[in-house]
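Protein chains: 2
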Amino acid sequence: MTATETLTLSEIESLAFDALVAAGTSPENARPLAVATAMTEADGVASHGLAYIPIYVQHVECGKVDGQANPKVAHPRPAVITVDAATGFAHRAIDLGFEQLIPLAKEMGVAVLAVNNSYNCGVLGVHTQRLAQAGLMGFGFTNAPASIAPSGGAKPVVGTNPFSISAPGSDGTAALLIDQSASTIAKSEVMKHAREGKPVPQGWVLDADGQPTTDPDAGLKGSMVPSGGYKGVGIALTVELLAAAMTGATLGAVASPFSGTAGGPPKTGQFFIAIDPEVTSGGLFQEKLADLISAFRDQDGARLPGDGRQSARLRAATEGVSVNAALLERVRALI
Amino acid sequence: MTATETLTLSEIESLAFDALVAAGTSPENARPLAVATAMTEADGVASHGLAYIPIYVQHVECGKVDGQANPKVAHPRPAVITVDAATGFAHRAIDLGFEQLIPLAKEMGVAVLAVNNSYNCGVLGVHTQRLAQAGLMGFGFTNAPASIAPSGGAKPVVGTNPFSISAPGSDGTAALLIDQSASTIAKSEVMKHAREGKPVPQGWVLDADGQPTTDPDAGLKGSMVPSGGYKGVGIALTVELLAAAMTGATLGAVASPFSGTAGGPPKTGQFFIAIDPEVTSGGLFQEKLADLISAFRDQDGARLPGDGRQSARLRAATEGVSVNAALLERVRALI
């Protein structure tokens, strides 16, 4: 059995903050990322929580991220906010953008935020959730270095590009959260199998010639299988249009990797749309949302997207989060 | 070989218009639907072109659609347009909404259109394409009577709910068009197999107990398989949130069917988002879009979503469209 230690969410946040600052991140840039790290652990997505802190620290040290970046916010049209993340952490750029996006969406009925010159934003649902907590429908899109090939092709042109939707409940929480990538499986799972020298199941990856393989290393040199075939390519392309072409960020096809120390800043992007659903629905949104959620919940065994994370979050708030002891040791050594 | 006749696009439009008006549709309501019918035939989507005219006529006659409806447009917030389609054709409601949406999106940088009390809007890409032709990124969503069950459940709760994205080229055309449903295959294909008494391939439908079946009738009483499993449910749910919950329209779980004469108006909805991508990208959009399209096209055999429809459209403009002669006879008999 793996040794673990139980931490409160504020202990996780402090730990992440201290490690980031020790590596040379400014406190203003470290705080939003530390908060997101605690929220990610609360949601039960351990792969993207504290486990990423050593990578973030390495990326500050090698210059893939500028820990001291000062993101620039602009307001080029009444309902548009843009942020140049200046190759700093995405989280600070998104935080600064949301400060203006949220009141603007309430005033205008809809507003968008385009972030470029950015970096891996971690779990997308952590960001869209905040829009829902502010009473807005939140839509988020982020691009990543290319790993999905076009239908009929073999060379990756778009990332596993996730999107996330979060719907506001009547009580200041996210009533529903969708957060899914365009591939059948997360690339991190393939990398884990490669590290452990284990074959992957059929349907996860294709080799460099576009042929099915169970060899994770061949898959990492080839491409990820898009979820639902050409429809997964359509999702990845939609997200690429929003997060890269519509923000002026670097396309996944030419972006430097999110892992390792080579290639400099990836300069990828994020796009968010915030809409006041009571305005667009003429005041019917909460009633319709409740009926839609009931249609799922009233069936025995049926799963509503986001339910797993929601129950993890409720549990974490009172019981804390169990963290791998070896990982904790590595993070504490960074401080 | 099936007998066909070649018609120009304006002949198709006139035929559709005359049949709709003969059934009691007002000219203002018939025109946008006739134009969309010609555009749909031009795009090569014969299943949703003239083939739908007899169904539309039947639905005007039985009251599923009010052919004389007067949609009501409102502007509840600076960047939001809403249209109550008043149980009329979706096309007129969308037309009236777009008249205000397009200039508003250019002024504000982004604007949205929510349509409720609506009806089947036909091919969604026909609508988003118009936003791209106006120089905007167009996003469209429409809901349909439920036919997809939740993961772990068997009873349909959301429709095959398509979404469509259209990107503006620099020349006033749609440079790229994505238009895809949340199921592995269109429901109309299953209905066609049922009519012809042929089994469907595995992976298209599930029976009423949620079990795989190749019997199309069992599938029509059960549910459609979501594309990519739970991720397809996530797409259908996203579209349901936008097109129904956020417009105040009827949820797919309780909407009357789009086929047959029972149940009265379905009162489903549409949602459109229009964004000026040159504003959000700081003027880099066309360059990024061209690079993204090249990344697909530079690979032998790779397919870019929308290429098939685009070449059909170019061909149709000069050569006209070949239409099934028996269908033409049926449509002409309606006039």
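For the protein sequence lines, the chains are A and B, in the order given.
Under our numbering, the residues of the first sequence are numbered 1 to 335, in order.
Under our numbering, the residues of the second sequence are numbered 336 to 670, in order.
Where is the CB? At the ideal position from N, CA and C, for every residue including glycine.
Because the structure is a prediction, the values reported are computed rather than measured.
Straight-line Cα distance separating residue j from residue i
i	j	result
P534 (chain B)	S558 (chain B)	15 Å
E99 (chain A)	R412 (chain B)	20 Å
P561 (chain B)	N29 (chain A)	41 Å
V323 (chain A)	R330 (chain A)	12 Å
G423 (chain B)	Y387 (chain B)	16 Å
V21 (chain A)	K490 (chain B)	51 Å
V57 (chain A)	T184 (chain A)	29 Å
H75 (chain A)	K231 (chain A)	34 Å
D171 (chain A)	I347 (chain B)	52 Å
S629 (chain B)	R644 (chain B)	18 Å
R667 (chain B)	A354 (chain B)	7 Å
G569 (chain B)	A174 (chain A)	16 Å
I339 (chain A)	A440 (chain B)	Chain A is shown from 1 up to 335; residue 339 (chain A) falls before or after that span and cannot be answered.
A34 (chain A)	T40 (chain A)	10 Å
L342 (chain B)	A377 (chain B)	10 Å
A358 (chain B)	I273 (chain A)	42 Å
G282 (chain A)	F271 (chain A)	26 Å
N116 (chain A)	T247 (chain A)	6 Å
C397 (chain B)	H426 (chain B)	19 Å
V112 (chain A)	A446 (chain B)	10 Å
R366 (chain B)	A652 (chain B)	19 Å
S646 (chain B)	E654 (chain B)	12 Å
S516 (chain B)	T463 (chain B)	15 Å
E488 (chain B)	L627 (chain B)	Reading off the sequence shown, one finds Gly at residue 488 (chain B), where the question assumed Glu. Near 39 Å, if we compare the C-alpha coordinates of L627 (chain B) and G488 (chain B).
V492 (chain B)	R315 (chain A)	29 Å
A114 (chain A)	S256 (chain A)	20 Å
Identified DSSP bridge partners for residue i
i	result
K64 (chain A)	Answer is none; K64 (chain A) lacks a bridge partner.
G473 (chain B)	B:S501 and B:A609
G409 (chain B)	According to the sequence as given, residue 409 (chain B) is Ala; it is not Gly. Its beta-bridge partners are B:T417.
S594 (chain B)	Answer is none; S594 (chain B) lacks a bridge partner.
P561 (chain B)	B:S518
P547 (chain B)	B:L541
Reference residue i; option with closest CA among the options
i	options	result
A38 (chain A)	A:A333, A:A325, A:R313 and A:A326	A:R313
G49 (chain A)	A:V123, A:N70 and A:G152	A:V123
F476 (chain B)	B:K556, B:E575, B:D633 and B:V568	B:E575
S486 (chain B)	A:L304, A:P145, A:I335 and A:A243	A:L304
F285 (chain A)	B:A590, B:L586 and B:D635	B:L586
I165 (chain A)	B:G359, B:D378, B:A571 and B:A637	B:A571
K522 (chain B)	B:K399, B:A479 and B:Q464	B:A479
Q634 (chain B)	A:L96, A:V60, A:A253 and A:A42	A:A253
T360 (chain B)	B:Q403, B:C397, B:A369 and B:P367	B:Q403
P601 (chain B)	B:F593, B:F607 and B:Q546	B:F593
H394 (chain B)	B:R366, B:Y454, B:V450 and B:D378	B:Y454
N496 (chain B)	B:P362, B:T603 and B:G618	B:T603
G564 (chain B)	B:A584, B:G545, B:R650 and B:L431	B:G545
F139 (chain A)	A:K288, A:D179 and A:V157	A:D179
I483 (chain B)	B:E396, B:L541 and B:L669	B:L541
A245 (chain A)	B:P612, B:N405, B:R427 and B:V415	B:P612
A711 (chain B)	A:A262, A:L289, A:G169 and A:A16	What is shown of chain B runs 336 to 670, which leaves residue 711 (chain B) out entirely.
I670 (chain B)	B:A338, B:A351 and B:S345	B:A351
G399 (chain B)	B:G595, B:V461 and B:A449	Note that residue 399 (chain B) is Lys in the sequence shown, not Gly. Nearest option by C-alpha distance: B:G595.
I55 (chain A)	A:G169, A:V158, A:R130 and A:A262	A:A262
G348 (chain A)	A:G306, A:S10, A:L220 and A:D307	Because chain A in this structure spans residues 1 to 335, residue 348 (chain A) falls outside the shown range and cannot be described.
Contacts around residue i, its chain only, beta-carbon distance under 6 Å, and the 5 residues preceding and following it disregarded
i	result
I437 (chain B)	A469
K407 (chain B)	D419
V614 (chain B)	G444
A36 (chain A)	H91, G122 and V126
Proximal residues to residue i (C-beta, below 7 Å), its chain only, five neighbours per side dropped
i	result
S382 (chain B)	S523
L663 (chain B)	E340
A637 (chain B)	F631
L431 (chain B)	P406, V408 and V418
Beta-carbon contacts of residue i that lie in its chain and below 8 Å, excluding the five residues immediately before and after
i	result
V45 (chain A)	V123 and R309
T202 (chain A)	Note on identity: in this sequence residue 202 (chain A) is Gln, with Thr being the wrong assignment. Excluding positions up to five away in sequence, the list reads P212 and T214.
A660 (chain B)	T337, A338, T339 and E340
Quiz prompt | Chain-ordered residues of the segment 238-265 of chain A with a beta carbon less than 7 Å from chain B | solution = Flagged, chain order: T238, E240, L241, A244, A245, M246, T247, G248, L251 and A253.
Self-check item: Where the segment 283-304 of chain A meets chain B: residues whose CB sits under 8 Å from a CB there
Solution: Cβ contacts with chain B come from G283, L284, F285, K288, L289, D291, L292, A295, F296, Q299, D300, G301, A302, R303 and L304.
Practice problem: Residues of the segment 69-80 of chain A with a CB closer than 7 Å to any CB of chain B: list them in chain order, please. | Solution: For chain B, the residues of the segment 69-80 of chain A that bring a beta carbon within less than 7 Å of one of its beta carbons are P76, R77, P78, A79 and V80, in chain order.
Quiz item: For the segment 165-181 of chain A, which residues have a CB atom closer than 8 Å to at least one CB atom of chain B, in sequence order?
Solution: Listed by position along the chain: I165, A167, L176, I178 and Q180.
Quiz item: At a Cβ cut of 8 Å, what residues of the segment 126-138 of chain A count as close to chain B, listed as they run along the chain?
Solution: Cβ contacts with chain B: M137.
Quiz item: Going along the segment 101-112 of chain A in order, which residues come within less than 8 Å of chain D, judged by CB to CB distance?
Solution: Absent from the structure: chain D. Protein chains present are A and B.
Quiz item: Of all the residues that make up the segment 640-658 of chain B, which are near chain A by a beta-carbon distance shorter than 8 Å?
Solution: Listed by position, the residues of the segment 640-658 of chain B near chain A (Cβ gap below 8 Å) are P640.
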